[in-house]
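Residue numbers for the sequence shown, in numbering that gives the first Met the number 0: 0 to 251.
Each remark here refers to the structure printed beneath this line.
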Amino acid sequence: MSWTSTLLLLLIIAIGTYFQTVTGFGLAMIVIGINSAAGLTDMPFIASVVSLVSLVNSGVALPRHLHHIDWRLANTTLLGVIPASILGVVLLNFLNTQATSILELLLGCVISYGGITFALRPRQQKKISRLRSFFSVGFISGLCGGLFGIPGPPIIFHLYRQPISLTVTRNMLLLIFACTAFSRSLYEFITIGFPKATLTTTLLAVPCVALVTLLTQRFPPPISVNAVRHITFATLILIGASLIVRSLSRLL
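In C-alpha cells:
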C-alpha cells in the first residue's frame with residue numbers, strides 16, 4: 000500500500016470520525032464504504048483496521064460507564080454476536096477470493112440499510128422485546144461485523160426501539176461493538192496474524208481519530224446536528240447504492 004493510498008485512507012477515517020463524533024454513528028460504514036467504492040484497499044484489510052481502531056476507542060470510553068449497561072440484555076446479545084463475528088471473518092476470507100462482486104453487493108446492501116435505518120428514527124416500544132430477539136439480532140450484527148467490520152445497523156435499530164434510557168443504549172452499543180471488534184481481531188490474529196501494513200495503518204489512524212474527535216468536540220459544526228445527521232444518511236445511502244450498482248454491473 001503506497002503512502003498516497005495511506006494518506007487518503009487516513010483522510011477518510013478522519014471524515015468518518017467527524018460524522019461519528021457529531022452524530023454518534025457512521026465511522027465504520029463511511030470508512031469501509033468509501034474505501035470500497037474508491038478501490039483503495041481490499042475488504043479484509045480495511046475491516047481489520049476499522050475493528051482495531053474501534054477497539055481502541057471503546058477501550059478508552061467504556062470502562063467508566065459499565066454501570067450503565069443492562070447486563071441481562073447485553074449478555075444475551077453477546078451470545079449471538081461473538082460466534083457470528085468469527086463466522087463472518089471466515090466468510091469474508093472465502094468470499095474475498097471467490098466472489099468479490101457478491102461481497103461488494105452485500106456491503107452495499109448493509110450500508111444502504113444502515114442509512115435508511117438511521118433515517119427512520121425507530122419509535123420506542125412499550126415493553127422490552129423477548130430475550131431471543133436480542134440473540135437473533137446479535138447474531139445478525141455479529142455476522143455483519145465479522146464480514147465487513149460494520150455490526151451497527153441491526154442492533155442499533157433494535158436497541159433504540161426498547162424502552163430503556165439513551166445512556167444505557169449508547170453504552171450497550173459501545174460494549175457490543177467492542178466485543179465484536181475484539182472477537183474478530185483475536186480470531187484473525189490467532190489464525191492468520193495481522194500484516195505489517197494493517198498494524199502500521201492502525202497506529203497512524205489512532206492519533207488521527209483522537210485529534211479529530213477532540214477538535215470536533217471543541218469546535219462543533221456551524222450547522223445543526225440534525226442537518227449533519229441528514230447529510231450522513233444521504234452519504235451512506237449514496238455509498239451503498241453506488242456499491243450495489245457497480246457490483247450488479249459486474250454480475251449481470
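All C-beta atoms, glycine included, are put in the ideal place defined by N, C-alpha and C.
This structure is a prediction, so every number in the text was calculated from the model and none was measured.
Check: Pairwise C-alpha distance: Thr-116 and Ser-132; Outcome: 18 Å
Check: Cys-207 beta carbon less than 8 Å from that of Ala-27; Outcome: no
Check: Alpha-carbon spacing of Leu-104 relative to Ile-139, whole angstroms; Outcome: 17 Å
Check: Phe-24 (DSSP reduced to helix, strand or coil); Outcome: coil
Check: Anticipated Cβ contact below 8 Å, Leu-102 with Met-42, distance rounded; Outcome: 6 Å
Check: Residue from Leu-237, Arg-245 and Ala-209 whose Cα sits closest to the Cα of Gln-19; Outcome: Ala-209
Check: Of the residues Lys-125, Gly-192 and Pro-194, the one placed nearest Ser-164, counting alpha carbons only; Outcome: Lys-125
Check: Short Cβ contact (8 Å threshold) for Gly-87 with Leu-146; Outcome: yes
Check: Where the alpha helix (DSSP H) through Thr-199 begins and ends; Outcome: 195 to 217
Check: Local conformation of Gln-161 per DSSP, three classes; Outcome: coil
Check: Residue from Leu-10, Phe-134, Ser-182 and Ile-29 with nearest C-alpha to Ala-240; Outcome: Ile-29
Check: Entirely enclosed beta strand (DSSP E) segments - the region 44 to 90, minimum 3 residues; Outcome: none
Check: Of the listed residues Ser-248, Leu-247 and Ile-243, nearest to Tyr-112 (C-alpha basis); Outcome: Ile-243
Check: Ile-127 - DSSP class collapsed to helix/strand/coil; Outcome: coil
Check: Where Ser-271 sits in the DSSP three-state scheme; Outcome: Limits of the chain in this structure are 0 at one end and 251 at the other, which puts residue 271 out of reach.
Check: Assumed close pair Val-80, Ile-175 - CB separation to whole angstroms, cut-off 8 Å; Outcome: 6 Å
Check: Rounded C-alpha distance that separates Thr-231 from Val-109; Outcome: 15 Å
Check: Enclosing alpha helix (DSSP H) for Gly-107 [first to last residue]; Outcome: 99 to 119
Check: Within 8 Å, strictly: CB atoms of Val-227 and Thr-22; Outcome: yes
Check: C-alpha gap between Leu-78 and Arg-169, whole angstroms; Outcome: 19 Å
Check: DSSP state of Ile-154 mapped onto helix, strand, coil; Outcome: helix
Check: Coil, strand or helix - Thr-168 by DSSP; Outcome: helix
Check: Ser-223 burial status per 10 Å Cβ neighbour count (16 or more: buried); Outcome: exposed
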